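Here is the structure we will look at, set down as structure tokens.
Number of protein chains: 2
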Amino acid sequence: MNDRPAPLDRLRTRVARLGAPLCLGIDPHPDALPDELPRDVSGIERFARGLIEAAAEYAVAVKINVAFFEAFGSSGWAALERVVADVPPDHFLVLDAKRGDIGSTAERYAAALFGLLGADAVTLSPYLGEDTVEPFLAYPGRVIYLVTRTTNPSAGTLQDLLIGGVPLHEHVATWAADRWTDGRVGLVVGATAPAELARLRRLVPALGFLVPGVGAQDGDLAAALAHCDGTAAPGLVSISRAIAAASQGDGWRAAAAASAQSWLGRMQEAGATLPA
Amino acid sequence: MNDRPAPLDRLRTRVARLGAPLCLGIDPHPDALPDELPRDVSGIERFARGLIEAAAEYAVAVKINVAFFEAFGSSGWAALERVVADVPPDHFLVLDAKRGDIGSTAERYAAALFGLLGADAVTLSPYLGEDTVEPFLAYPGRVIYLVTRTTNPSAGTLQDLLIGGVPLHEHVATWAADRWTDGRVGLVVGATAPAELARLRRLVPALGFLVPGVGAQDGDLAAALAHCDGTAAPGLVSISRAIAAASQGDGWRAAAAASAQSWLGRMQEAGATLPA
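Rendered as structure tokens:
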């Protein structure tokens, strides 16, 4: 990696080139593959690699959800290793793993995701505090996104609990912003909660946000684009299931390319109308 | 699994037989292997299998930390699959993975840990709420432990935040106890915070606790034994690094057996003096 620009610099370059922060999400479920692919680990791998080959050119980043490979154990991890190797070198690679453990264990997860797989960024759970984060930051230039306000129906069960009037997810955000100021720690904030997203942006202007939930989960694209960028790091808007769902039938690769190109176009247009 | 008793019934049977809730923790770090083993995935596998073969007879359960295998990618997962197959069938197998994701992704992690690896129990992070838990409970009889109060130095950063005067970790405990009452959801509570452990036991008397942090992390063994059991499910006290650290030199297998036997003896003695 030594001859490549630092991950956030590569991301900035690519965002400037494409004019929108589209992150291609790869979450291949065996029940959602094109008909021609087998519902097993080989089908998952072929779908993931086909999506990247067809659609990555319209994206600044690729986010791979580790669970969909891990479901097949060592065979799935071997497929993940090959899929990761297919991500173009000028793209920013996020491994969506949501790991979170004590320091000595976090160091081993960092060895897997940063050391072995060479990701530029990972998602982490904040529940164990800074010990979970620091072993990942020991890898120079790499980026982590703390899961802060998620897109799922029960997101609020803990994340919206009030601590002195402030929701837990806002507390996570200010804690992260106060502690890590160089842009290498960002937040995962779902587009399905646009009011929370807007408040978090005002609260922690520096941090880059990775925003899932647009598309299949019906999150707010305009809010995602308006709020993903931080002053210390660019943001990402991730589209996963909407592109996968469009990538069906005999021409699924071409359909994936068309869907990603269409999302990029929508983002470029929406971004051009954003208040400066 | 259909001809075997349900996981919690097997655990109860084995606790009754051994008279103490010793859980053998397997967290093999390459820097902590006996000299004769290579510092690579083959060394990790040989150490893990050696510990299980030598020491499992003194334990009611085996807890395997997934990160120490995942650090080696697909080779590590292949080793994990072989190590899991070595766990005796009358033992309760916990995979310490601390996963936590939205429902469709949690379902894939459950496919890996329960479906493929056949664990009796897993550890999960509570931050995303009930959506993280339910896909695991869809596997009949299986058990999950929600990470509640951990052993690491920064455990309190979020876990001790006060919500209307109640620490977040106590809120997690009462939420879990109110929502799942059949004993299949327990808590991970570190022995390094004995006051918090005692309060949690009074607060949620039904839940079984998985208690790490005794031994290398210097947690309180008496508190762990006094408070791990719930009325709906038995508890576990996990010893990982202390047994691994004792298992060195040419006779490391015999040393592992002696260390586990000694910890079992200490637990039996301490348990015999507990107030009824």
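Which chain is which? The protein sequence lines are A and B, in order.
With my numbering, letter number 207 in the first sequence gets 207, and the count goes up by one each step, no holes.
With my numbering, letter number 141 in the second sequence gets 1141, and the count goes up by one each step, no holes.
Glycine residues also receive a C-beta, built at the ideal position from the N, C-alpha and C atoms.
All values derive from a computational prediction rather than experimental measurement.
- Secondary structure in the stretch 1226-1255 of chain B: the beta strand (DSSP E) runs of 3 residues or longer, each lying completely within the stretch, are 1236-1239 in chain order.
- For E130(A), the C-beta contacts it makes with chain B under 8 Å involve S1154, T1157, in order along the chain.
- Contacts with chain A at 8 Å (Cβ-Cβ) do not include I1064(B).
- Contact between the stretch 1001-1019 of chain B and the stretch 234-243 of chain A is absent: fewer than 3 CB-CB pairs across the two stretches fall below 8 Å.
- By the rule that beta-carbons nearer than 8 Å mark a contact, S240(A) does not touch chain B.
- Taking 8 Å as the upper bound for CB-CB distance, I1239(B) and G1076(B) are not in contact here, some 23 Å apart.
- Nearest neighbour of L1113(B) by Cα position, chosen from A1245(B), V1143(B), A1222(B), I1044(B), turns out to be V1143(B).
- Remark: C-beta atoms of A1110(B) and Y1145(B) do not approach each other more closely than 8 Å.
- Pairing W1180(B) with Q268(A), the inter-Cα distance amounts to about 46 Å.
- Nearest CB-CB separation between A191(A) and chain B: not below the 8 Å threshold.
- Comparing alpha carbon positions, the residue from A1270(B), T1132(B), A1258(B), L1207(B) closest to E1053(B) is A1258(B).
- One alpha carbon belongs to E81(A), the other to G1073(B), and they sit about 8 Å apart.
- In summary, no residue of the stretch 1030-1049 of chain B has a CB separated from any CB of chain A by less than 8 Å.
- In terms of beta-carbon proximity, T1181(B) stays away from the interface with chain A, with every pair separated by 8 Å or more.
- For L1128(B) against T150(A), the beta-carbon gap comes to about 5 Å, under 8 Å, which counts as contact.
- Beta-bridge partners of F1068(B) (DSSP): none assigned.
- For the pair of segments examined, the stretch 1162-1174 of chain B was found not to touch the stretch 1115-1123 of chain B: the number of CB pairs separated by less than 8 Å stays below three.
- The alpha-carbon separation between G215(A) and L264(A) amounts to approximately 13 Å.
- Chain B has no Cβ within less than 8 Å of the Cβ of Y145(A).
- For G100(A), the closest Cβ of chain B is nearer than 8 Å.
- For the set H91(A), P135(A), L161(A), the Cα lying nearest the Cα of T13(A) is the one of H91(A).
- At a beta-carbon threshold of 7 Å, none of the residues of chain B lie near G215(A); the nearest stands roughly 14 Å away.
- Annotation: Cβ neighbours of S1104(B) in chain A (cutoff 8 Å, chain order): D27, H29.
- Non-local beta-carbon contacts of P126(A) in its own chain, meaning distances under 6 Å to residues more than five positions away in sequence, involve L146, V172 in chain order.
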